[in-house]
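Participant: Just passing along the structure, written as structure tokens.
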Ligand code: NAD
Ligand code: DAU
């Protein structure tokens with residue numbers, strides 16, 4: 408079995424590649440452009456593995472993608488590659504729309520032409536938009552995306568579905584909640600707060616910090632994707648959630664507690680435009696059909712993650728050099744600070 412993974416040098420993709428290398432005898436081909444978020448240091452353990460091949464390239468490059476898919480004739484494509492950060496999509500939507508929509512189209516076309524028997528599209532719960540409590544999105548919920556990122560993912564989901572309906576391409580779509588764990592680029596909430604806390608830098612909380620997210624440990628997500636790849640039904644969508652909803656402020660306070668840093672590092676800053684208030688989703692379908700369930704509870708997952716960042720100071724220093732600094736200035740430099748916790 409050969410699996411073509413796109414975006415396998417990123418946070419979740421690299422965890423998936425490491426999982427396949429550890430748990431299967433499959434050949435894994437990893438196509439990645441190595442954007443700011445792609446990092447071969449996430450995959451050093453595989454460098455000498457004869458069942459692993461890395462290809463440096465862009466999923467939007469039609470010739471390269473078609474040549475690679477023709478050469479490898481993979482039994483499955485698992486598509487992670489994306490511009491994945493909401494704040495960056497607000498600052499610069501163009502690369503997000505290009506990669507997430509056009510890149511997905513290019514892969515679908517190659518899969519259609521070469522009749523690839525399995526195409527797993529890795530998507531997000533953000534496509535369901537903000538939900539009032541106590542609603543939990545099932546796979547039938549309408550798509551109401553708010554940011555250029557989530558709109559591009561919703562658009563790519565619809566395109567993927569259209570290839571099933573129109574061309575009978577055997578596609579599957581997964582929609583996961585907020586991931587956390589080792590190797591996550593420190594632009595997303597948890598790794599950014601950990602990295603800043605360990606450095607005694609301010610922890611910037613958007614708005615009142617009462618936005619709710621569901622937290623999923625990255626390995627639980629990867630096990631869910633593998634379950635879908637192995638057991639999912641063609642044309643179906645599967646939610647993958649951690650079943651652990653928390654307001655952002657509580658997450659940030661736990662990071663401060665577990666790193667032993669003072670609450671004075673908390674800093675309330677201007678909110679994200681179009682900020683979704685609450686995500687929540689039901690993973691009932693995946694659990695019923697495959698027996699999957701999340702295994703890592705938030706407390707131990709967060710502790711393990713903090714330990715990993717403490718032990719990988721060099722990795723953090725590398726990814727925070729260069730481009731990261733100008734991004735940080737663009738995203739956080741212009742935000743006003745609130746003197747204290749904003750009132751609801
Ligand atoms: P990431 O930003 O850490 O990694 C993205 C990877 O894709 C990087 O290695 C990057 O180099 C690569 N890439 C980007 N553009 C490319 C292109 N044009 N061609 C080839 N490679 C390219 O992202 P992540 O957090 O690991 O997310 C992976 C996937 O999972 C994305 O599709 C994202 O939408 C989805 N997802 C993420 C989360 C989350 O919480 N992070 C939750 C649900 C779904
Ligand atoms: O829900 C799944 C999605 O989760 C994925 O599809 C995305 O790829 C991933 O980036 C993530 O999106 P979010 O916007 O929810 O994640 P982020 O880590 O950027 O933010 C989580 C929450 O924390 C959100 O309410 C915004 C808030 N936040 C974030 C940052 C970076 C802050 O308050 N301060 C910050 O500095």
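In the working numbering, the protein residues as written are 408 to 751.
Beta carbons are placed, not taken as given, at the ideal position from N, Cα and C, and that holds for glycine.
Computed from a predicted model, the values in this text were never measured in an experiment.
1. Would you mind sorting residue 492 into buried or exposed? The rule is 16 or more other CB atoms within 10 Å of its CB.
2. Quick check: is any heavy atom of the ligand NAD less than 7 angstroms from the C-beta of residue 523?
3. Who are the Cβ neighbours of residue 433 in its own chain at under 6 angstroms, not counting the five residues just before and after it?
4. Please name the residue, chosen from 449, 623, 681, that lies closest to residue 708 on a Cα-to-Cα basis.
5. Quick check on the DSSP output: the beta strand (DSSP E) that includes residue 653 runs from which residue to which?
6. In three-state DSSP terms, what is residue 713?
7. What beta strand (DSSP E) runs, 3 residues minimum, are completely inside the stretch 513 to 582?
8. Where does residue 433 sit, in a helix, a strand or coil, going by DSSP?
9. Hey, could you find the ends of the beta strand (DSSP E) residue 611 is sitting in?
10. How many angstroms separate the CA atom of residue 692 from the CA atom of residue 644?
11. Could you tell me whether the Cβ atoms of residue 518 and residue 512 are closer together than 8 angstroms?
12. For residue 467, I'd like the list of residues in its chain whose CB is within less than 8 angstroms of its CB, leaving aside the five on either flank, ordered along the chain.
13. Cα-Cα, which of 599, 543, 581 is closest to residue 589?
14. Assuming contact is defined by CB atoms lying nearer than 8 angstroms, are residue 561 and residue 552 in contact in what I supplied?
15. Any idea what DSSP makes of residue 483, helix, strand or coil?
16. With a threshold of 16 other CB atoms inside 10 Å of the CB of residue 480, please say whether the residue is buried or exposed.
17. Per the contact definition of three or more C-beta pairs closer than 8 angstroms, is the stretch 659 to 668 in contact with the stretch 601 to 611?
18. Quick one: measure Cβ to Cβ for residue 621 and residue 585, integer angstroms, because I've assumed they're closer than 8 angstroms.
19. Beta-carbon within less than 8 angstroms of residue 441's beta-carbon, same chain only, minus the 5 sequence neighbours each way: which residues are those?
20. Going along the chain, which residues of its own chain have a beta-carbon closer than 8 angstroms to the beta-carbon of residue 566, five neighbours each way excluded?
21. When burial is assigned at 16 or more other CB atoms within 10 Å of the CB, is residue 422 buried or exposed?
22. Report the rounded CA-to-CA distance for residue 633 versus residue 674, giving the unit in angstroms.
23. Along the beta strand (DSSP E) that carries residue 410, what are the first and last residues, could you check?
24. When DSSP labels each residue in this structure, what does residue 703 get in the three-state scheme?
25. Less than 8 angstroms between the CB atoms is what I'm expecting for residue 676 and residue 739, so what's the real figure, rounded?
26. List the endpoints of the continuous beta strand (DSSP E) containing residue 632.
27. Candidates 438, 429, 482: which alpha carbon is nearest residue 456's?
28. Give me the Cα-Cα distance between residue 472 and residue 617, rounded to the nearest whole angstrom.
29. Applying the 10 Å Cβ sphere with the 16-neighbour rule, what's the burial state of residue 549?
30. Could you check how far apart the C-beta atoms of residue 587 and residue 612 are, in whole angstroms? I think they sit under 8 angstroms.
31. Let me know if residue 741 comes out buried or exposed under the rule of 16 or more other beta-carbons within 10 Å of its beta-carbon.
Facilitator: For this structure:
1. Burial of residue 492 is indicated by the presence of at least 16 other C-beta atoms within 10 angstroms of its C-beta.
2. Answer for residue 523: no, Cβ out of range of the ligand NAD.
3. Excluding residues up to 5 positions away in sequence, 408, 410, 427 lie with their Cβ nearer than 6 angstroms to the Cβ of residue 433 in the same chain.
4. Taking each of 449, 623, 681 in turn and checking the Cα distance to residue 708, the smallest one comes out for 623.
5. Segment 652 to 654, the beta strand (DSSP E) holding residue 653.
6. Here DSSP, grouped into helix, strand and coil, assigns residue 713 to helix.
7. Taking only runs of at least 3 residues, the beta strand (DSSP E) segments lying wholly in the stretch 513 to 582 are 526 to 531.
8. If DSSP states are grouped into helix, strand and coil, residue 433 belongs with coil.
9. From DSSP, the beta strand (DSSP E) with residue 611 extends over 610 to 613.
10. If I take the Cα positions, the gap works out to 9 angstroms.
11. Taking 8 angstroms as the Cβ cut-off, residue 518 and residue 512 do not qualify as a contacting pair.
12. Only residues of its own chain outside the window of five on either side were considered, and among them 505, 506, 509, 510, 513 have a CB closer than 8 angstroms to the CB of residue 467, listed in chain order.
13. The closest CA to that of residue 589, considering only 599, 543, 581, is found on 599.
14. In this structure, residue 552 lies closer than 8 angstroms to residue 561 by Cβ.
15. Looking at residue 483 - three-state DSSP - the assignment turns out to be strand.
16. Classified as exposed, residue 480 has fewer than 16 neighbouring CB atoms from the shown chains inside 10 Å of its CB.
17. The answer is yes - the stretch 659 to 668 touches the stretch 601 to 611, with three or more Cβ pairs under 8 angstroms.
18. The Cβ separation is near 6 angstroms, so the contact holds.
19. These residues qualify, in order along the chain: 416, 447, 463.
20. Cβ contact annotation for residue 566 (same chain, cutoff 8 angstroms, sequence separation greater than five): 508, 511, 512, 515, in chain order.
21. Using a 10 angstroms sphere on the CB of residue 422, the tally of other CB atoms reaches 16 or more, which defines it as buried.
22. Straight-line Cα distance between these residues: approximately 39 angstroms.
23. Run containing residue 410: 409 to 413, per the beta strand (DSSP E) assignment.
24. Of the three classes helix, strand and coil, the one that applies to residue 703 here is coil, per DSSP.
25. Going by Cβ atoms, the distance from residue 676 to residue 739 rounds to 7 angstroms, so yes, they are a contact pair.
26. It is not in any beta strand (DSSP E) - residue 632 instead sits in the alpha helix (DSSP H) that spans 625 to 638.
27. Per the Cα distances, 429.
28. Rounded to whole angstroms, residue 472 to residue 617 spans 43 angstroms at the Cα level.
29. Exposure of residue 549 is indicated by the presence of fewer than 16 other C-beta atoms within 10 angstroms of its C-beta.
30. No, residue 587 and residue 612 are not in contact; Cβ-Cβ is about 16 angstroms, not under 8 angstroms.
31. Label assigned to residue 741: exposed.
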